[in-house]
Amino acid sequence: MPDPVLVIHGGSGPWTAVLTDPARKQAALAGLAAALAAGGARLADGADALDAVQAAIAVLEDDPQFNAGRGAALTEAGHPECDAALMDGRDLRAGAVAGLRRTRNPVTAARAVLDEGRHVLLAGPDAEAWLHAHGVVACGPDWLVTPAARAWLDGWRAGRESPLGTVGAVALDRHGALAAGTSTGGLTGKRPGRVGDSPLIGAGTWADGHAAVSCTGMGEAFIRSAFAVRAAGAVAAGGTPEAALDAGLDRVAGLGGTGGAILVAADGRWALRSRDPGMARGVWTVDGVRTWVRNPPAGP
Ligand code: ASP
């Protein structure tokens, strides 16, 4: 059996403010390390990949530096609408949520949908009420909204570039199981009701017996190219993780999009790829933790 692996991302994008400010860069790296520690500890204890992925994403959602949960990007109307998904590669069970406004950890809501097993994707206020009645922790709408997210929206209204910052995780556990998860506030200034690739199984999130994939970037291009399921299929057909992600990012670029993705394969190989100047990302293995914000080849 291969050693367990956890790979995470905190979004692909310009990351200009972080890459030009050493203190902010250190804070982002520390946030990634905390998420890797939480998920890696689960894997080291023998927990399954799904639990490790959920634990890592919950830490990133609680960290306001990342565009998921607290700190989520705001719609053009100024509200958070959070999307998240989880998928278990053992049996293709999946759970996802879209447009949540009052849920502290959207990944926990995705887990509730997965565990119930009746549906795959829930959206809208009645779904959120059902989740809260079934143990998912609610929060006031203001808890999710940070000054930085308001500033991003002001910048978007002024025509400036918006940071991305979706979070995701993929893991292989010591039993050989794979899982993937993604959580996001979506794109700053999105139309209310817009749903991105993150909660769409096969687009922004996928796990099967061959590979687990989580994406970040311009969601519409990831949806139109069915990114995540095709990347896993490329690995199943014998491709390397890097080549599988690069081919997907080529298709995204062909549709006018950009972004990045992470993948772990059933044999323990993994890859992190981005077409942007920055991608917050990291990996936990039995040998330790590594984190990066600047995109290779410039290094960490
Ligand atoms: N992919 C996400 C979306 O389109 C955004 C991101 O990755 O930052 O909703």
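Residue numbers for the sequence shown follow my numbering, beginning at 3 and rising by one.
Backbone N, C-alpha and C define an ideal beta-carbon position, used for all residues, glycine too.
Just so we're clear, the structure is a prediction, and the values are computed from it rather than from any experiment.
Less than 7 Å between C-beta atoms, sequence neighbours within five positions excluded: which residues of the same chain meet that for residue i?
| i | result |
| --- | --- |
| residue 37 | 10, 58, 61 and 62 |
| residue 258 | 223 |
| residue 225 | 199, 202 and 205 |
Should residue i be labelled buried (16 or more other beta-carbon atoms within 10 Å of its own) or exposed?
| i | result |
| --- | --- |
| residue 149 | exposed |
| residue 207 | buried |
| residue 194 | exposed |
| residue 212 | buried |
| residue 135 | exposed |
| residue 72 | buried |
| residue 160 | exposed |
| residue 142 | exposed |
| residue 120 | exposed |
| residue 13 | buried |
Indicate the three-state DSSP secondary structure (helix, strand or coil) for residue i in the structure shown.
| i | result |
| --- | --- |
| residue 194 | coil |
| residue 275 | strand |
| residue 296 | strand |
| residue 126 | coil |
| residue 92 | coil |
| residue 17 | coil |
| residue 202 | coil |
| residue 212 | coil |
| residue 110 | helix |
| residue 152 | helix |
| residue 167 | coil |
| residue 70 | coil |
| residue 226 | helix |
| residue 162 | coil |
If distances are taken between C-alpha atoms only, which option among the options comes closest to residue i?
| i | options | result |
| --- | --- | --- |
| residue 125 | 105, 143 and 139 | 105 |
| residue 179 | 287, 159 and 45 | 45 |
| residue 103 | 147, 200 and 135 | 147 |
| residue 107 | 139, 258 and 198 | 139 |
| residue 78 | 240, 23 and 164 | 164 |
| residue 197 | 132, 266, 145 and 82 | 82 |
| residue 186 | 110, 26 and 94 | 110 |
| residue 235 | 226, 227, 225 and 246 | 246 |
| residue 42 | 75, 284 and 162 | 284 |
| residue 291 | 31, 151 and 131 | 31 |
| residue 144 | 22, 3, 176 and 74 | 74 |
| residue 295 | 278, 129 and 289 | 278 |
| residue 227 | 155, 199 and 160 | 199 |
| residue 288 | 156, 232, 238 and 176 | 176 |
| residue 184 | 26, 96 and 15 | 96 |
| residue 122 | 85, 151 and 156 | 85 |
| residue 69 | 5, 152 and 210 | 152 |
Excluding the 5 residues preceding and the 5 following residue i in the sequence, name in chain order all residues of the same chain whose CB lies nearer than 6 Å to its CB.
| i | result |
| --- | --- |
| residue 244 | 273 |
| residue 173 | 8, 51, 54, 55 and 181 |
Skipping 5 residues on each side, what residues in its chain have a beta carbon closer than 8 Å to that of residue i?
| i | result |
| --- | --- |
| residue 248 | 275 |
| residue 35 | 284, 291 and 293 |
Is the segment 259 to 277 close to the segment 186 to 193, with three or more CB pairs under 8 Å?
no
- Message: Counting beta carbon pairs with one atom in the segment 78 to 90 and one in the segment 50 to 57, are three or more of them shorter than 8 Å?
- Response: yes
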